[in-house]
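Everything in the sequence shown is counted per full-length UniProt numbering, starting at 1 for the first residue and increasing by one. All C-beta atoms, glycine included, are put in the ideal place defined by N, C-alpha and C. Right, one structure below, let's go through it.
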Amino acid sequence: MSELIDASMLTLAQQLRTRQTSVPELVEACLAREEITRDLNAFNEVYLSQVRQTAKASQRLLEQGYDLGPLHGMPIAIKANIDLAGEEMHAGSQILSGNIAQRDAVVVQRLKQAGALIIGSTNMHEFAWGGTTNNPHYGASSNPWDDTRIPAGSSGGSGVAAAVRSALATLGTDTGGSIRLPASMNGITGLRPGVGRLSTEGIFPLATSLDTVGPLARYAEECEILFNVLDGRSQPLTALPELAGLRIGLLPDVHQQVQPDVATAYDQMVQWFSAAGARCQTLSFTGLDQAVNALVLINLAEPASLHAPWLADRANEYGADVRKLLQAGLSITAVEYLQAQRFRTGLRMQLLQHFHQVDVILVPTLPFTAPHKGLEAIQMGDREESVLTGNMRYNALASLSALPAISQPAGFDCDGMPIGMQLIGRDGAERQLLAFARRFQQDHDFHLHTPTRLRA
1 MSELIDASML TLAQQLRTRQ TSVPELVEAC LAREEITRDL NAFNEVYLSQ VRQTAKASQR
61 LLEQGYDLGP LHGMPIAIKA NIDLAGEEMH AGSQILSGNI AQRDAVVVQR LKQAGALIIG
121 STNMHEFAWG GTTNNPHYGA SSNPWDDTRI PAGSSGGSGV AAAVRSALAT LGTDTGGSIR
181 LPASMNGITG LRPGVGRLST EGIFPLATSL DTVGPLARYA EECEILFNVL DGRSQPLTAL
241 PELAGLRIGL LPDVHQQVQP DVATAYDQMV QWFSAAGARC QTLSFTGLDQ AVNALVLINL
301 AEPASLHAPW LADRANEYGA DVRKLLQAGL SITAVEYLQA QRFRTGLRMQ LLQHFHQVDV
361 ILVPTLPFTA PHKGLEAIQM GDREESVLTG NMRYNALASL SALPAISQPA GFDCDGMPIG
421 MQLIGRDGAE RQLLAFARRF QQDHDFHLHT PTRLRA
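So this is what it looks like as C-alpha coordinates:
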(Lines of atoms letter the chains of each structure in order from A and count residues from 1; the text may use other names and numbers.)
(Lines give C-alpha, C1' and ligand atoms only; values in the text may rest on other atoms or scores of the structure.)
Protein backbone atom coordinates (compact mmCIF):
# COMPACT_ATOMS: atom_id res chain seq x y z
CA MET A 1 0.00 0.00 0.00
CA SER A 2 2.83 2.43 0.81
CA GLU A 3 3.88 2.57 -2.88
CA LEU A 4 0.52 4.23 -3.53
CA ILE A 5 1.76 7.48 -2.00
CA ASP A 6 4.82 7.69 -4.23
CA ALA A 7 2.52 8.91 -7.00
CA SER A 8 2.01 12.64 -7.36
CA MET A 9 -0.83 14.42 -5.64
CA LEU A 10 -2.46 15.12 -9.01
CA THR A 11 -2.48 11.40 -9.81
CA LEU A 12 -3.80 10.53 -6.36
CA ALA A 13 -6.55 13.15 -6.62
CA GLN A 14 -7.71 11.57 -9.87
CA GLN A 15 -7.60 8.10 -8.32
CA LEU A 16 -9.70 9.29 -5.38
CA ARG A 17 -12.35 10.73 -7.65
CA THR A 18 -12.49 7.62 -9.85
CA ARG A 19 -12.68 5.31 -6.82
CA GLN A 20 -9.34 3.64 -7.59
CA THR A 21 -8.29 4.40 -4.04
CA SER A 22 -9.81 5.98 -0.95
CA VAL A 23 -8.91 8.65 1.58
CA PRO A 24 -8.45 6.09 4.40
CA GLU A 25 -6.07 4.15 2.14
CA LEU A 26 -3.97 7.27 1.55
CA VAL A 27 -3.87 8.03 5.26
CA GLU A 28 -2.92 4.48 6.21
CA ALA A 29 -0.16 4.46 3.59
CA CYS A 30 1.30 7.66 5.04
CA LEU A 31 1.00 6.31 8.58
CA ALA A 32 2.75 3.11 7.52
CA ARG A 33 5.56 5.17 5.98
CA GLU A 34 5.83 7.20 9.18
CA GLU A 35 6.07 4.03 11.25
CA ILE A 36 8.95 2.54 9.26
CA THR A 37 10.84 5.86 9.29
CA ARG A 38 10.05 6.85 12.88
CA ASP A 39 13.72 6.67 13.84
CA LEU A 40 14.31 9.68 11.56
CA ASN A 41 12.19 11.72 14.01
CA ALA A 42 10.30 13.75 11.43
CA PHE A 43 7.26 14.22 13.67
CA ASN A 44 6.73 15.56 17.17
CA GLU A 45 3.11 14.45 17.08
CA VAL A 46 1.08 12.25 14.74
CA TYR A 47 -2.65 12.93 15.11
CA LEU A 48 -3.48 9.25 14.72
CA SER A 49 -7.08 8.98 15.86
CA GLN A 50 -8.05 12.41 14.53
CA VAL A 51 -6.68 11.87 11.03
CA ARG A 52 -8.26 8.41 10.75
CA GLN A 53 -11.62 9.78 11.81
CA THR A 54 -11.33 12.75 9.46
CA ALA A 55 -10.30 10.44 6.61
CA LYS A 56 -13.53 8.47 6.94
CA ALA A 57 -15.58 11.67 6.92
CA SER A 58 -13.63 12.96 3.92
CA GLN A 59 -14.30 9.74 2.00
CA ARG A 60 -18.02 9.92 2.79
CA LEU A 61 -18.16 13.45 1.38
CA LEU A 62 -16.58 12.28 -1.88
CA GLU A 63 -19.01 9.38 -2.15
CA GLN A 64 -21.90 11.80 -1.63
CA GLY A 65 -20.63 14.06 -4.41
CA TYR A 66 -19.05 16.78 -2.29
CA ASP A 67 -15.57 17.81 -3.44
CA LEU A 68 -13.87 20.29 -1.12
CA GLY A 69 -11.09 21.17 -3.51
CA PRO A 70 -7.63 20.24 -4.79
CA LEU A 71 -6.42 18.92 -1.43
CA HIS A 72 -9.48 16.80 -0.66
CA GLY A 73 -8.27 13.77 1.27
CA MET A 74 -4.57 14.68 1.11
CA PRO A 75 -2.53 14.09 4.31
CA ILE A 76 -0.46 17.21 5.01
CA ALA A 77 1.89 17.87 7.94
CA ILE A 78 2.66 21.24 9.51
CA LYS A 79 5.71 22.57 11.32
CA ALA A 80 5.52 22.71 15.11
CA ASN A 81 5.38 26.54 15.18
CA ILE A 82 2.04 26.64 13.30
CA ASP A 83 -1.24 26.76 15.23
CA LEU A 84 -3.71 23.88 14.90
CA ALA A 85 -6.78 24.45 17.07
CA GLY A 86 -6.91 22.17 20.10
CA GLU A 87 -3.33 20.92 19.67
CA GLU A 88 -0.07 21.86 21.32
CA MET A 89 2.00 24.51 19.54
CA HIS A 90 5.42 24.55 21.18
CA ALA A 91 7.68 25.79 18.34
CA GLY A 92 10.20 23.14 19.29
CA SER A 93 10.71 24.63 22.74
CA GLN A 94 10.29 23.71 26.37
CA ILE A 95 9.14 27.24 27.15
CA LEU A 96 5.93 26.86 25.11
CA SER A 97 5.34 23.25 26.17
CA GLY A 98 1.67 22.79 27.00
CA ASN A 99 0.57 25.79 24.94
CA ILE A 100 -2.70 24.76 23.26
CA ALA A 101 -3.66 26.66 20.13
CA GLN A 102 -7.08 28.28 20.39
CA ARG A 103 -7.63 28.56 16.64
CA ASP A 104 -6.07 27.44 13.40
CA ALA A 105 -3.40 29.53 11.73
CA VAL A 106 -4.70 31.17 8.55
CA VAL A 107 -2.63 28.78 6.41
CA VAL A 108 -4.14 25.79 8.24
CA GLN A 109 -7.64 27.20 7.72
CA ARG A 110 -6.97 27.36 4.00
CA LEU A 111 -5.58 23.83 3.88
CA LYS A 112 -8.67 22.50 5.62
CA GLN A 113 -11.03 24.50 3.42
CA ALA A 114 -9.40 22.84 0.40
CA GLY A 115 -9.99 19.40 1.93
CA ALA A 116 -6.56 18.64 3.42
CA LEU A 117 -6.16 16.36 6.44
CA ILE A 118 -3.58 17.48 9.00
CA ILE A 119 -1.67 14.29 9.79
CA GLY A 120 0.83 15.65 12.29
CA SER A 121 3.23 18.27 13.59
CA THR A 122 6.84 18.11 12.41
CA ASN A 123 10.06 18.48 14.36
CA MET A 124 12.00 21.71 14.07
CA HIS A 125 15.02 23.52 15.43
CA GLU A 126 14.06 25.20 18.70
CA PHE A 127 12.14 28.42 18.00
CA ALA A 128 13.23 28.04 14.34
CA TRP A 129 16.69 29.46 15.17
CA GLY A 130 19.09 26.95 13.67
CA GLY A 131 19.90 24.86 10.66
CA THR A 132 20.32 21.31 12.01
CA THR A 133 16.99 20.35 13.66
CA ASN A 134 19.06 18.95 16.52
CA ASN A 135 16.43 19.72 19.12
CA PRO A 136 17.39 19.22 22.79
CA HIS A 137 13.75 18.85 23.87
CA TYR A 138 12.26 16.69 21.10
CA GLY A 139 15.32 14.96 19.69
CA ALA A 140 17.38 15.31 16.53
CA SER A 141 15.90 14.60 13.12
CA SER A 142 17.99 12.58 10.67
CA ASN A 143 18.49 12.76 6.93
CA PRO A 144 16.68 9.95 5.04
CA TRP A 145 19.56 9.67 2.55
CA ASP A 146 22.10 9.06 5.34
CA ASP A 147 20.94 9.05 8.95
CA THR A 148 24.38 10.14 10.18
CA ARG A 149 23.76 13.51 8.52
CA ILE A 150 21.50 16.44 9.30
CA PRO A 151 18.27 17.13 7.39
CA ALA A 152 18.92 20.89 7.74
CA GLY A 153 16.58 23.23 9.54
CA SER A 154 14.83 24.83 10.94
CA SER A 155 12.04 22.98 9.08
CA GLY A 156 14.01 19.72 9.17
CA GLY A 157 11.11 17.49 10.17
CA SER A 158 8.98 18.93 7.37
CA GLY A 159 11.77 18.17 4.90
CA VAL A 160 12.15 14.58 6.10
CA ALA A 161 8.39 13.89 6.12
CA ALA A 162 8.00 15.21 2.58
CA ALA A 163 11.02 13.23 1.36
CA VAL A 164 9.81 9.88 2.73
CA ARG A 165 6.13 10.65 1.98
CA SER A 166 4.88 10.16 5.52
CA ALA A 167 2.92 13.24 4.47
CA LEU A 168 2.19 14.08 0.84
CA ALA A 169 3.39 17.63 1.47
CA THR A 170 4.35 19.75 4.44
CA LEU A 171 4.42 23.35 5.58
CA GLY A 172 7.60 25.00 6.77
CA THR A 173 8.69 28.51 7.61
CA ASP A 174 11.64 30.36 6.11
CA THR A 175 13.53 33.26 7.65
CA GLY A 176 17.10 32.73 6.49
CA GLY A 177 16.61 29.56 4.45
CA SER A 178 14.54 27.22 6.62
CA ILE A 179 12.43 25.90 3.73
CA ARG A 180 15.12 25.92 1.06
CA LEU A 181 17.81 24.24 3.19
CA PRO A 182 15.71 21.13 4.07
CA ALA A 183 14.50 20.99 0.47
CA SER A 184 18.09 20.86 -0.77
CA MET A 185 19.45 18.42 1.80
CA ASN A 186 16.47 16.03 1.57
CA GLY A 187 16.11 16.02 -2.23
CA ILE A 188 12.71 17.72 -2.54
CA THR A 189 11.19 20.99 -3.74
CA GLY A 190 10.66 23.88 -1.34
CA LEU A 191 9.12 27.29 -2.08
CA ARG A 192 9.90 30.37 -0.03
CA PRO A 193 7.23 32.93 -1.02
CA GLY A 194 8.05 36.60 -0.82
CA VAL A 195 7.66 38.22 2.59
CA GLY A 196 4.02 39.17 3.16
CA ARG A 197 2.68 37.09 0.28
CA LEU A 198 1.09 34.48 2.58
CA SER A 199 -0.42 35.14 5.99
CA THR A 200 1.78 34.31 8.98
CA GLU A 201 -1.07 34.85 11.45
CA GLY A 202 -1.04 31.97 13.93
CA ILE A 203 2.64 31.16 13.35
CA PHE A 204 5.16 31.74 16.13
CA PRO A 205 7.70 34.23 14.73
CA LEU A 206 11.48 34.19 14.57
CA ALA A 207 12.29 37.51 12.89
CA THR A 208 9.13 39.26 11.79
CA SER A 209 10.68 41.35 9.01
CA LEU A 210 12.08 38.19 7.38
CA ASP A 211 9.57 35.41 8.16
CA THR A 212 7.47 33.66 5.56
CA VAL A 213 5.65 30.32 5.26
CA GLY A 214 5.55 27.89 2.35
CA PRO A 215 5.27 24.31 1.05
CA LEU A 216 7.73 21.43 0.75
CA ALA A 217 6.99 18.37 -1.39
CA ARG A 218 8.54 15.77 -3.66
CA TYR A 219 6.95 17.20 -6.81
CA ALA A 220 7.06 20.87 -7.82
CA GLU A 221 3.44 20.58 -8.97
CA GLU A 222 2.46 19.65 -5.40
CA CYS A 223 4.13 22.80 -4.12
CA GLU A 224 2.17 24.81 -6.67
CA ILE A 225 -1.11 23.20 -5.64
CA LEU A 226 -0.41 24.06 -2.01
CA PHE A 227 0.73 27.58 -2.84
CA ASN A 228 -2.47 28.27 -4.78
CA VAL A 229 -4.52 27.10 -1.81
CA LEU A 230 -2.48 29.10 0.70
CA ASP A 231 -2.69 32.16 -1.55
CA GLY A 232 -6.47 31.88 -1.54
CA ARG A 233 -6.73 31.22 -5.27
CA SER A 234 -8.51 28.39 -7.05
CA GLN A 235 -6.76 28.05 -10.37
CA PRO A 236 -5.10 25.42 -12.55
CA LEU A 237 -1.36 24.93 -12.67
CA THR A 238 0.55 27.65 -14.49
CA ALA A 239 1.35 26.82 -18.11
CA LEU A 240 4.86 25.45 -18.52
CA PRO A 241 7.16 28.24 -19.68
CA GLU A 242 8.91 28.58 -23.00
CA LEU A 243 12.62 28.70 -22.15
CA ALA A 244 13.84 30.11 -25.47
CA GLY A 245 14.74 33.75 -24.93
CA LEU A 246 14.52 33.51 -21.15
CA ARG A 247 17.21 35.56 -19.41
CA ILE A 248 19.01 33.76 -16.57
CA GLY A 249 21.20 35.74 -14.18
CA LEU A 250 24.29 34.06 -12.72
CA LEU A 251 26.50 35.24 -9.87
CA PRO A 252 30.26 35.60 -10.31
CA ASP A 253 32.74 33.25 -8.61
CA VAL A 254 30.24 30.49 -7.79
CA HIS A 255 32.77 27.76 -8.61
CA GLN A 256 35.24 29.14 -6.05
CA GLN A 257 32.63 29.04 -3.28
CA VAL A 258 31.05 25.57 -3.58
CA GLN A 259 32.06 21.92 -3.44
CA PRO A 260 33.02 20.38 -6.83
CA ASP A 261 29.89 18.20 -7.07
CA VAL A 262 27.71 21.24 -6.40
CA ALA A 263 29.59 23.17 -9.09
CA THR A 264 28.97 20.31 -11.53
CA ALA A 265 25.22 20.30 -10.80
CA TYR A 266 25.17 24.08 -11.19
CA ASP A 267 26.93 23.86 -14.57
CA GLN A 268 24.52 21.17 -15.73
CA MET A 269 21.52 23.33 -14.89
CA VAL A 270 23.07 26.28 -16.72
CA GLN A 271 23.66 24.00 -19.72
CA TRP A 272 20.04 22.80 -19.58
CA PHE A 273 18.76 26.36 -19.73
CA SER A 274 21.19 27.25 -22.52
CA ALA A 275 20.32 24.17 -24.59
CA ALA A 276 16.66 25.18 -24.41
CA GLY A 277 17.46 28.61 -25.82
CA ALA A 278 17.75 30.64 -22.62
CA ARG A 279 20.41 33.35 -22.40
CA CYS A 280 22.62 32.97 -19.32
CA GLN A 281 24.61 36.02 -18.25
CA THR A 282 26.86 36.71 -15.28
CA LEU A 283 25.72 39.67 -13.23
CA SER A 284 27.93 42.33 -11.74
CA PHE A 285 27.14 41.65 -8.11
CA THR A 286 28.77 42.71 -4.86
CA GLY A 287 27.99 42.16 -1.22
CA LEU A 288 27.43 38.42 -0.78
CA ASP A 289 29.54 38.20 2.40
CA GLN A 290 28.01 41.41 3.75
CA ALA A 291 24.57 39.96 3.04
CA VAL A 292 25.33 36.98 5.27
CA ASN A 293 26.54 39.31 8.03
CA ALA A 294 23.45 41.51 7.76
CA LEU A 295 21.13 38.51 7.80
CA VAL A 296 22.83 37.11 10.91
CA LEU A 297 22.62 40.48 12.68
CA ILE A 298 18.92 41.00 11.95
CA ASN A 299 18.27 37.38 12.82
CA LEU A 300 19.93 37.95 16.18
CA ALA A 301 18.33 41.27 17.07
CA GLU A 302 14.67 40.65 16.20
CA PRO A 303 14.29 37.32 18.06
CA ALA A 304 16.17 38.73 21.07
CA SER A 305 13.64 41.54 21.39
CA LEU A 306 10.82 38.98 21.44
CA HIS A 307 12.52 36.58 23.85
CA ALA A 308 13.99 39.15 26.27
CA PRO A 309 11.43 38.51 29.08
CA TRP A 310 11.97 34.73 28.91
CA LEU A 311 15.74 35.17 28.75
CA ALA A 312 15.54 37.16 31.97
CA ASP A 313 13.44 34.60 33.87
CA ARG A 314 13.72 31.23 32.10
CA ALA A 315 17.07 31.19 30.30
CA ASN A 316 17.87 27.67 31.53
CA GLU A 317 14.87 26.30 29.60
CA TYR A 318 16.46 27.08 26.23
CA GLY A 319 18.80 24.71 24.45
CA ALA A 320 22.41 25.88 24.75
CA ASP A 321 22.81 26.87 21.08
CA VAL A 322 19.61 28.92 20.87
CA ARG A 323 20.21 30.54 24.26
CA LYS A 324 23.66 31.65 23.10
CA LEU A 325 22.26 33.18 19.91
CA LEU A 326 19.43 34.98 21.69
CA GLN A 327 21.74 36.36 24.37
CA ALA A 328 24.10 37.58 21.65
CA GLY A 329 21.17 39.39 20.11
CA LEU A 330 20.61 41.38 23.30
CA SER A 331 23.97 43.11 22.83
CA ILE A 332 23.22 44.40 19.32
CA THR A 333 22.76 48.17 19.29
CA ALA A 334 20.04 50.09 17.51
CA VAL A 335 22.72 51.61 15.26
CA GLU A 336 23.98 48.16 14.22
CA TYR A 337 20.46 46.93 13.55
CA LEU A 338 19.58 49.97 11.45
CA GLN A 339 22.84 49.68 9.51
CA ALA A 340 21.93 46.08 8.66
CA GLN A 341 18.46 47.17 7.57
CA ARG A 342 19.98 49.93 5.44
CA PHE A 343 22.25 47.37 3.78
CA ARG A 344 19.16 45.22 3.24
CA THR A 345 17.43 48.06 1.41
CA GLY A 346 20.47 48.55 -0.82
CA LEU A 347 20.69 44.83 -1.59
CA ARG A 348 17.04 44.71 -2.57
CA MET A 349 17.51 47.71 -4.86
CA GLN A 350 20.55 46.03 -6.45
CA LEU A 351 18.59 42.84 -7.12
CA LEU A 352 15.56 44.70 -8.45
CA GLN A 353 17.86 46.57 -10.81
CA HIS A 354 19.24 43.26 -12.07
CA PHE A 355 15.69 42.13 -12.79
CA HIS A 356 15.56 44.75 -15.55
CA GLN A 357 18.21 42.63 -17.32
CA VAL A 358 17.21 39.07 -16.33
CA ASP A 359 14.03 37.13 -15.59
CA VAL A 360 15.34 34.89 -12.81
CA ILE A 361 18.60 34.43 -10.91
CA LEU A 362 20.12 30.96 -10.55
CA VAL A 363 22.31 30.10 -7.54
CA PRO A 364 23.10 26.91 -5.63
CA THR A 365 20.88 26.50 -2.61
CA LEU A 366 23.92 25.47 -0.58
CA PRO A 367 27.68 25.37 -1.22
CA PHE A 368 27.76 21.80 0.15
CA THR A 369 25.54 18.77 0.67
CA ALA A 370 24.17 17.65 4.04
CA PRO A 371 26.93 17.69 6.68
CA HIS A 372 27.41 14.91 9.18
CA LYS A 373 25.82 15.54 12.57
CA GLY A 374 28.00 17.55 14.91
CA LEU A 375 30.12 19.18 12.20
CA GLU A 376 30.44 22.93 12.61
CA ALA A 377 32.61 23.54 9.53
CA ILE A 378 33.01 21.98 6.08
CA GLN A 379 36.32 21.70 4.22
CA MET A 380 36.00 23.58 0.93
CA GLY A 381 39.23 22.98 -0.96
CA ASP A 382 41.93 24.89 0.90
CA ARG A 383 39.53 26.68 3.24
CA GLU A 384 36.86 25.89 5.81
CA GLU A 385 33.29 27.11 5.57
CA SER A 386 31.19 27.45 8.72
CA VAL A 387 28.00 25.42 8.39
CA LEU A 388 26.04 28.42 9.72
CA THR A 389 27.42 30.92 7.19
CA GLY A 390 27.36 28.31 4.42
CA ASN A 391 23.68 27.74 5.07
CA MET A 392 23.04 31.46 4.62
CA ARG A 393 25.50 32.24 1.81
CA TYR A 394 23.07 32.00 -1.11
CA ASN A 395 19.85 32.03 0.89
CA ALA A 396 20.54 35.51 2.25
CA LEU A 397 19.77 37.06 -1.13
CA ALA A 398 16.06 36.22 -1.20
CA SER A 399 15.70 36.49 2.58
CA LEU A 400 17.08 40.01 2.87
CA SER A 401 15.42 41.26 -0.31
CA ALA A 402 12.03 39.73 0.64
CA LEU A 403 11.86 38.08 -2.80
CA PRO A 404 10.45 34.63 -3.63
CA ALA A 405 12.81 31.70 -4.21
CA ILE A 406 12.53 27.99 -4.88
CA SER A 407 14.94 25.13 -4.24
CA GLN A 408 14.63 22.01 -6.36
CA PRO A 409 16.58 18.75 -6.68
CA ALA A 410 19.33 19.10 -9.28
CA GLY A 411 21.67 16.15 -8.77
CA PHE A 412 23.64 14.09 -6.28
CA ASP A 413 27.18 14.22 -4.94
CA CYS A 414 29.71 11.37 -5.00
CA ASP A 415 28.19 9.98 -1.78
CA GLY A 416 24.67 9.95 -3.22
CA MET A 417 23.51 12.99 -1.24
CA PRO A 418 21.02 15.38 -2.88
CA ILE A 419 22.05 18.73 -4.33
CA GLY A 420 19.58 21.60 -4.63
CA MET A 421 19.57 24.57 -6.99
CA GLN A 422 17.73 27.78 -6.27
CA LEU A 423 15.88 30.19 -8.51
CA ILE A 424 15.14 33.70 -7.24
CA GLY A 425 12.38 35.73 -8.85
CA ARG A 426 10.86 39.18 -8.87
CA ASP A 427 8.18 40.24 -6.41
CA GLY A 428 5.10 38.13 -7.03
CA ALA A 429 6.92 35.57 -9.22
CA GLU A 430 6.10 32.52 -7.09
CA ARG A 431 4.04 30.80 -9.79
CA GLN A 432 6.68 31.54 -12.41
CA LEU A 433 9.32 29.89 -10.22
CA LEU A 434 7.08 26.89 -9.62
CA ALA A 435 6.50 26.56 -13.36
CA PHE A 436 10.26 26.60 -13.99
CA ALA A 437 10.71 23.86 -11.39
CA ARG A 438 7.96 21.79 -13.02
CA ARG A 439 9.60 22.30 -16.41
CA PHE A 440 12.95 21.13 -15.02
CA GLN A 441 11.31 18.06 -13.46
CA GLN A 442 9.72 17.26 -16.81
CA ASP A 443 13.23 16.74 -18.21
CA HIS A 444 14.95 15.33 -15.10
CA ASP A 445 14.06 12.68 -12.53
CA PHE A 446 16.19 13.75 -9.56
CA HIS A 447 13.01 14.29 -7.52
CA LEU A 448 11.91 10.70 -8.19
CA HIS A 449 14.97 9.05 -6.66
CA THR A 450 14.17 7.05 -3.54
CA PRO A 451 15.88 8.07 -0.30
CA THR A 452 18.30 5.43 0.94
CA ARG A 453 16.16 4.90 4.03
CA LEU A 454 13.28 3.55 1.91
CA ARG A 455 15.24 1.16 -0.28
CA ALA A 456 14.64 -2.53 0.39
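- Please say whether LEU388 and TYR337 have beta carbons closer to each other than 8 Å? Against a cut-off of 8 Å, the Cβ pair of LEU388 and TYR337 comes out as no contact.
- Please classify ASN316: does DSSP put it in a helix, a strand, or coil? In the three-state scheme derived from DSSP, where H, G and I count as helix and E and B as strand, ASN316 is classed as helix.
- Query: What span of residues does the beta strand (DSSP E) with SER386 cover, start to end?
  - Reply: Residues 383-386.
- Looking at the structure shown, is LYS56 part of a helix, part of a strand, or coil, going by DSSP? Residue state, collapsed to three classes: helix.
- When you compare only the Cα positions, how much space is there between PRO136 and LEU325? Rounded to the nearest angstrom, the two C-alpha atoms are 15 Å apart.
- On a CA-only basis, which of GLN357, THR11, PRO309, GLU302 is nearest LEU246? Give me that one, please. Of GLN357, THR11, PRO309, GLU302, the residue nearest in Cα terms is GLN357.
- Item | Secondary structure of PHE412, DSSP reduced to three states | Residue state, collapsed to three classes: strand.
- LEU210 by DSSP, collapsed to three states: which one? Look at LEU210 here: in three-state DSSP terms it is coil, with no helix or strand label.
- Message: If the criterion is Cβ atoms closer than 8 Å, does the pair ALA437 and GLN408 meet it?
- Response: At a Cβ-Cβ threshold of 8 Å, ALA437 and GLN408 count as neighbours.
- Message: Just verifying my parser: in three-state terms, what is the DSSP assignment at LYS324?
- Response: For LYS324, the secondary structure class from DSSP, reduced to helix, strand or coil, is helix.
- Message: Between which residues of its own chain and ARG103 is the CB-CB distance below 8 Å, once the five residues before and five after are set aside?
- Response: The residues ASP83, ALA85, GLY202, in chain order, have a CB closer than 8 Å to that of ARG103 in the same chain once the five nearest residues on each side in sequence are set aside.
- Task: Just list the beta strand (DSSP E) runs in the stretch 262-305, keeping only unbroken ones of 3 residues or longer that don't cross its boundaries, in chain order.
- Result: Under the rule that a run must span 3 or more residues, the beta strand (DSSP E) segments found entirely inside the stretch 262-305 read 279-282.
- Message: Less than 8 Å between CB atoms is the rule here; does THR286 satisfy it with respect to chain C?
- Response: Any reference to chain C falls outside this structure, which holds one protein chain only.
- Item | Of the residues GLN64, LEU48, CYS30, THR133, the one placed nearest ARG19, counting alpha carbons only | Nearest of GLN64, LEU48, CYS30, THR133 to ARG19, Cα basis: GLN64.
- Message: Assess contact between the stretch 414-428 and the stretch 388-405, defined as three or more Cβ pairs (one per stretch) separated by less than 8 Å. Is contact present?
- Response: Yes, they touch.
- Query: PHE273 to PRO241, Cα distance in whole Å?
  - Reply: Approximately 12 Å between the Cα atoms of the pair.
- Go to GLY120, then tell me how far its alpha helix (DSSP H) extends in each direction, as first and last residue. Run containing GLY120: none in the alpha helix (DSSP H); it sits in the beta strand (DSSP E), 117-122.
- Message: Rounding to the nearest angstrom, what Cα-Cα distance links ILE5 and ALA435 in this structure?
- Response: Rounded to whole angstroms, ILE5 and ALA435 show a C-alpha spacing of 23 Å.
- Item | Buried or exposed by the 16-neighbour rule on C-beta atoms within 10 Å, applied to CYS414 | Label assigned to CYS414: exposed.
- Could you tell me which residues DSSP pairs with LEU423 in its beta bridges? Beta-bridge pairing by DSSP links LEU423 to LEU362, ILE406.
- Item | Terminal residues of the alpha helix (DSSP H) in which MET9 lies | Note, MET9: alpha helix (DSSP H), 9-17.
- For SER331, count neighbouring C-beta atoms within 10 Å of its own C-beta (all shown protein chains included) and say buried if the count is 16 or more, exposed if not. In the assembly as shown, SER331 is an exposed residue. Its beta-carbon has fewer than 16 other beta-carbons within 10 Å.
- Span of the beta strand (DSSP E) around residue 457: Past the boundaries of the shown model lies residue 457; the chain is included only from 1 to 456, so the question cannot be answered.
- Query: Quick one: what's got a C-beta closer than 6 Å to LEU230's C-beta in the same chain, skipping five residues either side?
  - Reply: Apart from sequence neighbours up to five positions away, the residues of its chain that approach LEU230 with a beta-carbon distance below 6 Å are VAL107, ARG110, LEU198, ordered along the chain.
- Query: Ends of the beta strand (DSSP E) at residue 499?
  - Reply: There is simply no residue 499 to check, as the chain begins at 1 and stops at 456 in what is shown.
- Item | Unbroken stretches of the beta strand (DSSP E), 3 residues or longer, contained in the stretch 73-110 | List check, beta strand (DSSP E) in window: 75-79.
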